[in-house]
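Numbering (the working numbering) for the sequence shown: 48 to 275.
The beta carbon of each residue, even a glycine, is placed where N, CA and C say it ideally should be.
Since the structure is predicted, the reported quantities are computational estimates derived from the model, not experimental observations.
Each remark here refers to the structure printed beneath this line.
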Amino acid sequence: MQPDLPALGRRLAAEGIGSFFLFACVIGSGIMAEHLSGGNDAVALLGNTLATGAILFVLITMLGPISGAHMNPAVSLVSASRRELRWSDATAYIVVQLAFGILGAWAAHLMFDLPMLQFSVKARTGLGQWTGEAITTFGLIFTILGTVRFRREWVPASVALYITAAYWFTSSTSFANPAITVARSLSDTFAGIAPKNVPSFIIAQLLGAAIAAVVARWLFDEVKPSRE
Numbered sequence: 048m049q050p051d052l053p054a055l056g057r058r059l060a061a062e063g064i065g066s067f068f069l070f071a072c073v074i075g076s077g078i079m080a081e082h083l084s085g086g087n088d089a090v091a092l093l094g095n096t097l098a099t100g101a102i103l104f105v106l107i108t109m110l111g112p113i114s115g116a117h118m119n120p121a122v123s124l125v126s127a128s129r130r131e132l133r134w135s136d137a138t139a140y141i142v143v144q145l146a147f148g149i150l151g152a153w154a155a156h157l158m159f160d161l162p163m164l165q166f167s168v169k170a171r172t173g174l175g176q177w178t179g180e181a182i183t184t185f186g187l188i189f190t191i192l193g194t195v196r197f198r199r200e201w202v203p204a205s206v207a208l209y210i211t212a213a214y215w216f217t218s219s220t221s222f223a224n225p226a227i228t229v230a231r232s233l234s235d236t237f238a239g240i241a242p243k244n245v246p247s248f249i250i251a252q253l254l255g256a257a258i259a260a261v262v263a264r265w266l267f268d269e270v271k272p273s274r275e
């Protein structure tokens, strides 16, 4: 059953703003980290990780009460499959996430005096990386559904901490988001991915999300939330 939600226009505005700042942060912090790390990829990834985790906490805390702060087509599709969001609304969410996320990527380029229009040449492919994307997206959806079920007030921290960890324990550095995968293909920077590698990443992400939705329904939905 679908819950009472704010007007669609407000929800789309929240998704647009959230996607813009999330994608700008992921790409912009990658550019800054690469500039300051002196060629040390571990330091650059650490800077990219901390900025991404921080902005996720802020955006989900701020925008979650309006739209759910999905900022991710995989999250919107799972919400629709659980009848928590109309399919038509989910489609609108995804269009806005992608459009404003790409604007965020372009804004990051503009801030760092880079060409706004570019394509990544960074290869990210192979069974290991596809497995990493399936696992990291499974974990993200599983984290969201479990925390919403039992500790809703902890969703911003749980998601931010999960992505912070997943940047480091997954081979793909945790894209876990079809829209940001597309946006990152339009940025030949630290966070980029070659456009030809995007379809395989998205397939892995959607597979991981679908499995997580099934497992979470079985594991969580019949358990009564704690009243503590």
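Check whether the region 234-247 touches the region 130-142, taking contact to mean three or more Cβ pairs, one atom from each stretch, closer than 8 Å.
Touching, no.
Alpha carbon to alpha carbon, how far is residue 217 from residue 71? Give it in angstroms, no decimals.
What you label residue 71 is simply residue 24 of the sequence shown in a count that begins at 1. What you label residue 217 is simply residue 170 of the sequence shown in a count that begins at 1. Cα to Cα, residue 71 sits roughly 22 Å from residue 217.
When you compare the CB positions of residue 100 and residue 182, do they come within less than 8 Å of one another, or not?
The sequence position of residue 100 within the sequence shown is 53, counting from 1. The sequence position of residue 182 within the sequence shown is 135, counting from 1. No; because the gap between Cβ atoms is not below 8 Å, this pair is not in contact.
As a quick exercise: from 208, 169, 59 and 259, pick the residue whose alpha carbon is nearest that of residue 244.
Stepping through the sequence shown from its first residue, residue 244 is reached at position 197. When each option's Cα is compared against that of residue 244, the closest is 169.
Tell whether a beta-carbon distance below 8 Å holds between residue 211 and residue 96.
Within the sequence shown, the letter at position 164 stands for residue 211. Within the sequence shown, the letter at position 49 stands for residue 96. The answer is yes: Cβ separation under 8 Å.
Who are the near neighbours of residue 175 in its chain, counting only those whose CB is closer than 7 Å to its CB and skipping five residues on each side?
In the sequence shown, counting from the first residue as 1, residue 175 sits at position 128. So the qualifying residues of the chain are 218.
With respect to the alpha helix (DSSP H) encompassing residue 63, which residues constitute its N-terminal and C-terminal limits?
For this step, residue 63 is matched to residue 16 along the sequence shown. That run of the alpha helix (DSSP H) goes 55-83.
Quick one: Cα of residue 259 to Cα of residue 77, how far?
Taking the sequence shown and counting its residues from 1, one reaches residue 259 at position 212. Taking the sequence shown and counting its residues from 1, one reaches residue 77 at position 30. Approximately 29 Å between the Cα atoms of the pair.
Quick check on the burial criterion: 16 or more other C-beta atoms within 10 angstroms. Buried or exposed for residue 261?
Counting from one through the sequence shown, the residue named residue 261 turns up at place 214. Looking at its Cβ environment, which holds fewer than 16 other Cβ atoms inside 10 Å, residue 261 is exposed.
C-alpha gap between residue 248 and residue 147, whole angstroms
Locating residue 248 in the sequence shown gives position 201, where the first residue counts as 1. Locating residue 147 in the sequence shown gives position 100, where the first residue counts as 1. When rounded, the distance between both Cα atoms is 20 Å.
If you draw a straight line from the alpha carbon of residue 88 to that of residue 81, how long is it in whole angstroms?
For the purposes of this step, residue 88 is taken as the residue at position 41 of the sequence shown. For the purposes of this step, residue 81 is taken as the residue at position 34 of the sequence shown. Those two C-alpha atoms are separated by around 7 Å.
Do you know offhand how far residue 86's Cα is from residue 92's?
Counting from 1 along the sequence shown, the entry for residue 86 is found at position 39. Counting from 1 along the sequence shown, the entry for residue 92 is found at position 45. In a straight line, the C-alpha of residue 86 is about 11 Å away from that of residue 92.
Environment of residue 171 [buried if 16+ CB atoms lie within 10 Å]
Position 124 of the sequence shown holds residue 171. By the 10 Å Cβ count, residue 171 comes out buried.
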